[in-house]
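K.L.:
This is the structure, below, for whatever I ask next.
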Amino acid sequence: MHMTRPVVFITGDIHHPPDLIKRLSYGELRIPEDYELRAGLEYIKVLHEYNVPCTLFITGKLVDTSSETIKSLISSYDNVEIGAHTYYAFRGLLYGYTLFIQPYRKLFGTPYGPKHLIHYDVLKTVKAFLKLGVRPIAWRTHGYEGDDYLYSLLAKLGFKIISDCRSERFTVFKRNNILHVCINMPVDDNLPNMSPSERASWYENYIRLLNIKVRQEKALVLQLHPVNMALDNFDFLLKIIKVLLKVNSQFHRLSFLIDL
966 MHMTRPVVFI TGDIHHPPDL IKRLSYGELR IPEDYELRAG LEYIKVLHEY NVPCTLFITG
1026 KLVDTSSETI KSLISSYDNV EIGAHTYYAF RGLLYGYTLF IQPYRKLFGT PYGPKHLIHY
1086 DVLKTVKAFL KLGVRPIAWR THGYEGDDYL YSLLAKLGFK IISDCRSERF TVFKRNNILH
1146 VCINMPVDDN LPNMSPSERA SWYENYIRLL NIKVRQEKAL VLQLHPVNMA LDNFDFLLKI
1206 IKVLLKVNSQ FHRLSFLIDL
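When you line the sequence shown up against my numbering, it's residues 966 to 1225, in that order.
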């Protein structure tokens, strides 16, 4: 049994609102456009109350459109580091309002599309962060679907750490001159599509697994979207924190791993 204090990395992704066309098709017109950003702010506040740091991956477009709010977030809360999460999150005209994702995946092996589009999106993302006064070093690809071309490009642009991969065990490896850190707890991507009973069951199973793995693994990397944690007003997030605090976990930002 693993006897030393477990190390925990809490991560999440925050996206800009879908384009009008997608909002119409999703039936989201009545939802405030800044609902993901609002959820992100509340998420950070909840973690801050327990002195828990996190790494949040933010789309470049959200950085461009909500720069003052994000600047305020960074200056007000010292428990958060921000990483990049593509610019468009595979939305908008260049992605056919997400209709091109499957053709791109079939043609190019990634929903990110052809190399020139990847290059354009990444540079646009970095530019958005630099305008904010932040040099991003952490990256998560939207949909977790990066490839060697993307990772090599990110390394050339000064990125140090990627969190796209998933694994049952805590896994860190170097590839394309960049550190990859795998998520090793279930991801919460499908929570919004679940019925209340399905969601309650998912929460219960997650907490059960967390109680097991936090005693077995030397480190845990959690992927918890702020907008999904807002579904139950952050009660589930609080349960996770309390489980982890009970076993005296050490919490760190992902960048903690870079110099180890």
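Yeah, the Cβ is synthetic: ideal placement off N, Cα and C, and Gly gets one too.
All values reported here derive from a predicted model rather than from experimental measurement.
With a cut-off of 8 angstroms, do at least 3 Cβ pairs link the stretch 1063–1078 to the stretch 1102–1111?
P.N.:
Taking 8 angstroms as the limit for Cβ pairs, the verdict is that the stretch 1102–1111 does touch the stretch 1063–1078.
K.L.:
For Val1152, I'd like the list of residues in its chain whose CB is within less than 6 angstroms of its CB, leaving aside the five on either flank, ordered along the chain.
P.N.:
As a working note, residue 1152 is residue 187 in the sequence shown. Correct list, in chain order: Gln1188.
K.L.:
Could you name the residues that DSSP lists as bridge partners for Ala1165?
P.N.:
To locate residue 1165, count along the sequence shown from 1; it is residue 200. Bridge partners of Ala1165: none, in fact.
K.L.:
With DSSP collapsed to three states, give me the class of Lys1125.
P.N.:
Reading the sequence shown from its first residue, position 160 is the one you call residue 1125. The answer is coil: DSSP assigns Lys1125 none of H, G, I, E or B.
K.L.:
In three-state terms, what does DSSP make of Lys1207?
P.N.:
If you number the sequence shown from 1, residue 1207 lands on position 242. Helix, per DSSP.
K.L.:
Excluding sequence positions up to five away, which residues of its chain have a Cβ less than 7 angstroms from the Cβ of Phe1073?
P.N.:
As a first step, residue 1073 is located in the sequence shown; it is residue number 108 there, counting from the start. Cβ within range, chain order: Pro1079.
K.L.:
On the three-state DSSP scale, how would you describe Arg970?
P.N.:
Translated into positions along the sequence shown, residue 970 becomes position 5. Coil at Arg970, not helix or strand.
K.L.:
Return the bridge partner residues of Arg1140 from the DSSP annotation.
P.N.:
Counted from its first residue, the sequence shown places residue 1140 at position 175. DSSP output for Arg1140 lists Ile1143 as bridge partner(s).
K.L.:
Let me check understanding here. Comparing Cα to Cα, which of Pro971, Phe1135 and Ile1035 lies closest to His980?
P.N.:
The residue labelled residue 980 in the question sits at position 15 within the sequence shown. Out of Pro971, Phe1135 and Ile1035, Ile1035 has the C-alpha closest to the C-alpha of His980.
K.L.:
Could you please give me the residues that DSSP links to Ala1120 through a beta bridge?
P.N.:
One-based indexing of the sequence shown puts residue 1120 at position 155. DSSP lists no partner for Ala1120.
K.L.:
So, do the stretch 1203–1213 and the stretch 1025–1034 have three or more beta carbon pairs nearer to each other than 8 angstroms?
P.N.:
Cβ pair count under 8 angstroms is below three, so no.
K.L.:
Which partner residues does Asp1187 have in the DSSP bridge list?
P.N.:
Counting from one through the sequence shown, the residue named residue 1187 turns up at place 222. Residue identity differs from the one stated: residue 1187 is Leu in this sequence, not Asp. In DSSP, Leu1187 forms a bridge with Ile975.
K.L.:
DSSP on Ile1177, reduced to helix/strand/coil?
P.N.:
Start at 1 with the first residue of the sequence shown, and residue 1177 comes out as number 212. It is helical.
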